[in-house]
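Colleague: The structure under discussion is supplied below as structure tokens; questions concerning it will follow.
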Amino acid sequence: MSDARQPASRATARSTEQDAAQRAASLIHQGWRQLARLAPAAPACWLASPGQPLRPLSRAELMARVDAWHQWLDNLPAAHAGRRPGARWVMFQPTALGACVQLLALWERGMLVVLPGDDRPETLARLAENCDGKLPETSAAGWPPEQPGTLSSIGSTGAASSVAAPNTPFEITPDGGRLALELCTSGSTGEPLRIAKRFDQLEAELAVHRTLWPLATDASGTDSASEPSTGTVSLSQVSHQHIYGLLVSLLRPLSEGVPFLSEACHYPEQLAAAIAQLSGLGHRCQLVSSPAQLARLPQTSDESRVAGQAQYQAQVLRVFSSGAPLPAEAARHAENCLQAPVIEIYGSTETGGIAHRRQHETSDWTPLPEVELRFSPAFAVRSPFLEQPDQWWQQADNAAPVAAETSSQGEQQAAPRFQLLGRSDRLVKLAGKRVSLSAVERCLSAQEEVLEVRCLPMPTRDHRLGAVVVMEESALPQDHASRRDLIARLRRALMPGFERIALPRYWRFVTRLPLNAQGKFTADSVARLFADLDDHRLPRWLGETSSGPQQLTLEAEVPDSLCYLEGHFAAQPLVPGVVMLKWARDLGRRLRLAGVGVQESRFQRLERIKFSNLLLPGMRFTLAATLVADSHGLRVDFRLESRAGLHASGRLRYGAETDDTPLSSPLSSPLSSPQTTPTPEAS
Numbered sequence: 037m038s039d040a041r042q043p044a045s046r047a048t049a050r051s052t053e054q055d056a057a058q059r060a061a062s063l064i065h066q067g068w069r070q071l072a073r074l075a076p077a078a079p080a081c082w083l084a085s086p087g088q089p090l091r092p093l094s095r096a097e098l099m100a101r102v103d104a105w106h107q108w109l110d111n112l113p114a115a116h117a118g119r120r121p122g123a124r125w126v127m128f129q130p131t132a133l134g135a136c137v138q139l140l141a142l143w144e145r146g147m148l149v150v151l152p153g154d155d156r157p158e159t160l161a162r163l164a165e166n167c168d169g170k171l172p173e174t175s176a177a178g179w180p181p182e183q184p185g186t187l188s189s190i191g192s193t194g195a196a197s198s199v200a201a202p203n204t205p206f207e208i209t210p211d212g213g214r215l216a217l218e219l220c221t222s223g224s225t226g227e228p229l230r231i232a233k234r235f236d237q238l239e240a241e242l243a244v245h246r247t248l249w250p251l252a253t254d255a256s257g258t259d260s261a262s263e264p265s266t267g268t269v270s271l272s273q274v275s276h277q278h279i280y281g282l283l284v285s286l287l288r289p290l291s292e293g294v295p296f297l298s299e300a301c302h303y304p305e306q307l308a309a310a311i312a313q314l315s316g317l318g319h320r321c322q323l324v325s326s327p328a329q330l331a332r333l334p335q336t337s338d339e340s341r342v343a344g345q346a347q348y349q350a351q352v353l354r355v356f357s358s359g360a361p362l363p364a365e366a367a368r369h370a371e372n373c374l375q376a377p378v379i380e381i382y383g384s385t386e387t388g389g390i391a392h393r394r395q396h397e398t399s400d401w402t403p404l405p406e407v408e409l410r411f412s413p414a415f416a417v418r419s420p421f422l423e424q425p426d427q428w429w430q431q432a433d434n435a436a437p438v439a440a441e442t443s444s445q446g447e448q449q450a451a452p453r454f455q456l457l458g459r460s461d462r463l464v465k466l467a468g469k470r471v472s473l474s475a476v477e478r479c480l481s482a483q484e485e486v487l488e489v490r491c492l493p494m495p496t497r498d499h500r501l502g503a504v505v506v507m508e509e510s511a512l513p514q515d516h517a518s519r520r521d522l523i524a525r526l527r528r529a530l531m532p533g534f535e536r537i538a539l540p541r542y543w544r545f546v547t548r549l550p551l552n553a554q555g556k557f558t559a560d561s562v563a564r565l566f567a568d569l570d571d572h573r574l575p576r577w578l579g580e581t582s583s584g585p586q587q588l589t590l591e592a593e594v595p596d597s598l599c600y601l602e603g604h605f606a607a608q609p610l611v612p613g614v615v616m617l618k619w620a621r622d623l624g625r626r627l628r629l630a631g632v633g634v635q636e637s638r639f640q641r642l643e644r645i646k647f648s649n650l651l652l653p654g655m656r657f658t659l660a661a662t663l664v665a666d667s668h669g670l671r672v673d674f675r676l677e678s679r680a681g682l683h684a685s686g687r688l689r690y691g692a693e694t695d696d697t698p699l700s701s702p703l704s705s706p707l708s709s710p711q712t713t714p715t716p717e718a719s
């Protein structure tokens, strides 16, 4: 009899597990607690510490940290407004683990989380005006700062044998219509906007991701979030302070019982090391990235490409990218480098996800399930991810539907595809003339060797356009003559279709757009690209790359208007050696080694300085600086090079805190603050 009942019992158990897994995947029902009860020893997170191997943090340990934040909130003064359900807390955490434990504690108490896009003091001050407080930064392991009489069980190492549960049982009635968080976005006008998201909006989008891109499955193909990790780990290169990173890199693995890395892999070397360690432990990775990060993946020569592909073979499950359309060449390179499909998600903070594509298959976009699109009279979207899901939301982009393909059986595709045609609000007035920036960009992008273009009105040059042109490295101009010839060729291509006022006056040629972590081409990037127009002490900044906080490589040009060329010399202007040293010093001051940087007051001397070639106006160059610690203190090693060869190299020596009073720097007095006037010539 018992044998006859066994299959039914197994089926009932399987059904019960599946029901539990579905509830465990719910944010509304606080599924993270259920997951911890079902499998407390399963890894919830992998802790990343500098110079240390990754180590797992169990679901039970994650909940201990959440409870510690409950206790931190309980120890606030009784009259503090941040203790009550419905309180609004500003939260900016540099690590995914820190954001996770604070977010869960606030949600369990029925509180609202406000996520600023950055931690600038003016941003936080503006948000604090109508919030109840700002949460402090967690420790690297996710613990709160200790308060008097609080968390006595937590030692200096951050370990806790036991942490008391919150004093008050927070039985928040499940309600999908309750507000979960507010996200801050600049909006299309540049004015700060705060976008509220309910739990049901977040749940709806997470459900679509689970359907399209399964993350945790067992051998039978069923969802197994209630079981210990099935071998997938979520890695991120983007910020969880924005909707894309929050949903895909944090909330999704959290709700499905898949562990995530405690910190973002900002540098390619960090990413490669994490993938290698996790692969060695039998795990595959899902990577949440952006166009800016994928563009930084190392280029490989033909000889090493096979070895590079083997490094990632079967180690990466899939790659997500969002924030901006990924250039076709970057998508191809990312797939070849990571040996995994690269899936782009198109959407916004206001709308959530709208569509997806994999350029290896098609350049067209496919709407996400349950997302409706309308292309006339304007491009608009309607979806359950919107605040008002039954209303149409007009997009700032132009789009056109793609004719549905017909299968061999004569059936048309179920999901209509579309193409993005640029933003509809990118019309500017120059000297009274309306100019479409998108049209100028399309014309320039059609030219030989041009990969991508961004045109923009210059903030300090009325009625003039600037152009940032992305090209293959081999096609970039390297000197004054080749740069002038390239500009003339591009302007000639525009002349038949545009008035002269629409022709860009200021040009910057780069190997990639300087995008932020969210894949946005920001005002800060624009300011850096064109800063030399107003400050003639600066080289022309064209981008930078880094392999870690201790190393930085600047790519730049010598502008003709550089004030230090004056008097050096009449027959052939050149950049003085002391100016190259100043640029190296300025770059070195931005470096950090184990969180410590150089102090100008500790400067001692120059070492091994060599000036090998003349650096002339118009030359394109790279300046690489590395911060090194040795027995004498800190030093900055630098090399300034161009296609012509090495121009300068050497060391800037900075002493330790115990050294005697340092020598004054020879780099400051001759370069203090010369007066400059703008040049009328095109740059």
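Using the numbering used here, the letters of the sequence shown map in sequence onto residues 37 to 719. Every residue, glycine too, gets a C-beta built ideally from N, C-alpha and C.
1. Is Thr159 helix, strand or coil by DSSP?
2. When burial is assigned at 16 or more other CB atoms within 10 Å of the CB, is Val614 buried or exposed?
3. Residues in the same chain with beta-carbon distance under 6 Å from Arg500, minus the five sequence neighbours each way, listed in chain order, please.
4. Determine the closest residue to Arg156 out of Val126, Gly146, Leu142, Ala176, with distance taken between C-alpha atoms.
5. Taking the straight line between their C-alpha atoms, what separation do you get for Ala563 and His65?
6. DSSP state of His276, grouped into three classes?
7. CB-CB under 6 Å to Arg214, same chain, minus the five flanking residues each way: which ones, in chain order?
8. Is it a yes or a no for the stretch 87 to 95 touching the stretch 139 to 155, going by three-plus beta-carbon pairs under 8 Å?
9. Are Ala391 and Pro403 close, meaning C-beta to C-beta below 8 Å?
10. Which two residues bound the contiguous alpha helix (DSSP H) that contains Leu307?
11. Using C-beta distances below 7 Å, list every residue in its chain close to Cys479, excluding the 5 sequence neighbours before and after it, in chain order.
12. To the nearest angstrom, report how far apart Glu239 and Leu63 are at their CA atoms.
13. Could you tell me whether the stretch 102 to 114 touches the stretch 293 to 306, where touching means 3 or more Cβ pairs closer than 8 Å?
14. What residues in its chain sit with their C-beta under 6 Å from that of Arg32, if we drop five residues either side in the sequence?
15. With respect to the alpha helix (DSSP H) encompassing Asn372, which residues constitute its N-terminal and C-terminal limits?
16. Under the three-state reduction of DSSP, which class applies to Pro612: helix, strand or coil?
17. Are Ala123 and Ala117 touching if we call contact CB-CB under 8 Å?
18. Determine the extent of the alpha helix (DSSP H) in which Gln70 is found, giving its start and end residues.
19. Going straight from the alpha carbon of Trp82 to that of Pro92, what length do you get?
20. Does the Cβ of Val632 have 16 or more other Cβ atoms within 10 Å, making it buried, or fewer, making it exposed?
21. Suppose contacts are defined by Cβ-Cβ distances below 8 Å. Is His276 in contact with Gly153 by that definition?
22. Starting from Leu282, trace the beta strand (DSSP E) in both directions and tell me its first and last residue.
23. Which value, in whole angstroms, describes the spacing of the CA atoms of Glu488 and Gly293?
24. Rounded C-beta distance between Gln586 and Arg628? I'm assuming under 8 Å.
25. Whole angstroms are fine: how far does the CA of Pro609 sit from the CA of Leu670?
26. Kindly indicate which three-state DSSP category Glu580 falls into: helix, strand or coil?
27. Counting along the chain, where does the alpha helix (DSSP H) carrying Ser474 start and finish?
28. On the criterion of 16 or more Cβ atoms from any shown chain inside 10 Å, does Pro327 qualify as buried, or is it exposed?
29. Mapping DSSP to helix, strand and coil, what is Val321?
30. How big is the Cα-Cα spacing for Asp168 and Leu217?
31. Rounded to the nearest angstrom, what separates Trp179 and Gly134 at their Cα positions?
32. Assuming His604 and Pro612 form a contact by the criterion Cβ under 8 Å, report the distance between their Cβ atoms to the nearest whole angstrom.
33. When burial is assigned at 16 or more other CB atoms within 10 Å of the CB, is Glu97 buried or exposed?
34. Could you give the first and the last residue of the continuous alpha helix (DSSP H) run that contains Cys220?
35. May I ask which residues mark the beginning and end of the beta strand (DSSP E) holding Ile379?
36. Give me the Cβ distance between Ala592 and Phe657, rounded to the nearest whole Å; I'm assuming they're in contact under 8 Å.
Modeller: Taking the definition as stated:
1. If you number the sequence shown from 1, residue 159 lands on position 123. It is helical.
2. Taking the sequence shown and counting its residues from 1, one reaches residue 614 at position 578. Exposed is the call here.
3. In the sequence shown, residue 500 corresponds to position 464, counting from 1. So the list reads Met494, Arg541, once near-sequence residues are dropped.
4. Taking the first residue of the sequence shown as position 1, residue 156 is located at position 120. If we check each option's Cα against that of Arg156, Val126 comes out closest.
5. Locating residue 563 in the sequence shown gives position 527, counting from the first residue. Locating residue 65 in the sequence shown gives position 29, counting from the first residue. If I take the Cα positions, the gap works out to 46 Å.
6. In the sequence shown, the residue the question calls residue 276 occupies position 240. The answer is coil: DSSP assigns His276 none of H, G, I, E or B.
7. To locate residue 214, count along the sequence shown from 1; it is residue 178. Cβ neighbours of Arg214 beyond the five flanking positions: Phe235.
8. no
9. Here residue 391 is taken as the residue at index 355 of the sequence shown, counted from 1. Here residue 403 is taken as the residue at index 367 of the sequence shown, counted from 1. The answer is yes: Cβ separation under 8 Å.
10. For the purposes of this step, residue 307 is identified with residue 271 of the sequence shown, where counting begins at 1. Looking at the DSSP string, the run of the alpha helix (DSSP H) that includes Leu307 is 304 to 316.
11. For the purposes of this step, residue 479 is taken as the residue at position 443 of the sequence shown. The residues are Ala529, Leu530, Gly533.
12. Stepping through the sequence shown from its first residue, residue 239 is reached at position 203. Stepping through the sequence shown from its first residue, residue 63 is reached at position 27. Distance between the alpha carbons of Glu239 and Leu63: 7 Å.
13. no
14. A question about residue 32 goes unanswered here, because the residues of the chain that appear run from 37 up to 719.
15. If you number the sequence shown from 1, residue 372 lands on position 336. Run containing Asn372: 364 to 374, per the alpha helix (DSSP H) assignment.
16. Counting from one through the sequence shown, the residue named residue 612 turns up at place 576. If DSSP states are grouped into helix, strand and coil, Pro612 belongs with coil.
17. Mapped onto the sequence shown, residue 123 falls at position 87. Mapped onto the sequence shown, residue 117 falls at position 81. Yes.
18. In the sequence shown, counting from the first residue as 1, residue 70 sits at position 34. That run of the alpha helix (DSSP H) goes 67 to 74.
19. By one-based count along the sequence shown, residue 82 stands at place 46. By one-based count along the sequence shown, residue 92 stands at place 56. Between Trp82 and Pro92, the C-alpha separation is close to 4 Å.
20. Within the sequence shown, the letter at position 596 stands for residue 632. Val632 comes out exposed.
21. The residue you call residue 276 lines up with position 240 of the sequence shown. The residue you call residue 153 lines up with position 117 of the sequence shown. No, the Cβ-Cβ distance between His276 and Gly153 is not below 8 Å.
22. The residue given as residue 282 occupies position 246 in the sequence shown. Leu282 -> no beta strand (DSSP E), and no H or E assigned at all.
23. To locate residue 488, count along the sequence shown from 1; it is residue 452. To locate residue 293, count along the sequence shown from 1; it is residue 257. So the alpha carbons of these two residues sit roughly 40 Å apart.
24. Locating residue 586 in the sequence shown gives position 550, where the first residue counts as 1. Locating residue 628 in the sequence shown gives position 592, where the first residue counts as 1. The pair is a contact, with the Cβ atoms about 7 Å apart (cut-off 8 Å).
25. Here residue 670 is taken as the residue at index 634 of the sequence shown, counted from 1. Here residue 609 is taken as the residue at index 573 of the sequence shown, counted from 1. Computed Cα separation, rounded: 34 Å.
26. Taking the sequence shown and counting its residues from 1, the one referred to as residue 580 is at position 544. Strand at Glu580.
27. Position 438 of the sequence shown, counting from 1, holds the residue named residue 474. Residues 473 to 481.
28. As a first step, residue 327 must be located in the sequence shown, where it is residue number 291. The residue is buried, with at least 16 neighbouring Cβ atoms inside 10 Å.
29. Stepping through the sequence shown from its first residue, residue 321 is reached at position 285. Sequence inspection shows Cys at residue 321; the Val mentioned does not correspond to that position. DSSP places Cys321 in strand when its eight states are reduced to three.
30. Here residue 168 corresponds to residue number 132 of the sequence shown, with the count starting at 1. Here residue 217 corresponds to residue number 181 of the sequence shown, with the count starting at 1. Each residue's Cα considered, the two are about 14 Å apart.
31. Taking the first residue of the sequence shown as 1, we reach residue 179 at position 143. Taking the first residue of the sequence shown as 1, we reach residue 134 at position 98. Each residue's Cα considered, the two are about 8 Å apart.
32. Translated into the one-based positions of the sequence shown, residue 604 becomes position 568. Translated into the one-based positions of the sequence shown, residue 612 becomes position 576. Contact flag correct, Cβ pair sits at about 5 Å.
33. Here residue 97 is taken as the residue at index 61 of the sequence shown, counted from 1. Label assigned to Glu97: buried.
34. On the sequence shown, position 184 is the one that residue 220 refers to. Element bounds for Cys220: not the alpha helix (DSSP H) but the beta strand (DSSP E), 215 to 221.
35. Within the sequence shown, the letter at position 343 stands for residue 379. Here the beta strand (DSSP E) through Ile379 covers 378 to 384.
36. Residue mapping note: residue 592 aligns to position 556 of the sequence shown, counting from 1. Residue mapping note: residue 657 aligns to position 621 of the sequence shown, counting from 1. Rounded, the Cβ-Cβ distance is 6 Å, consistent with contact.
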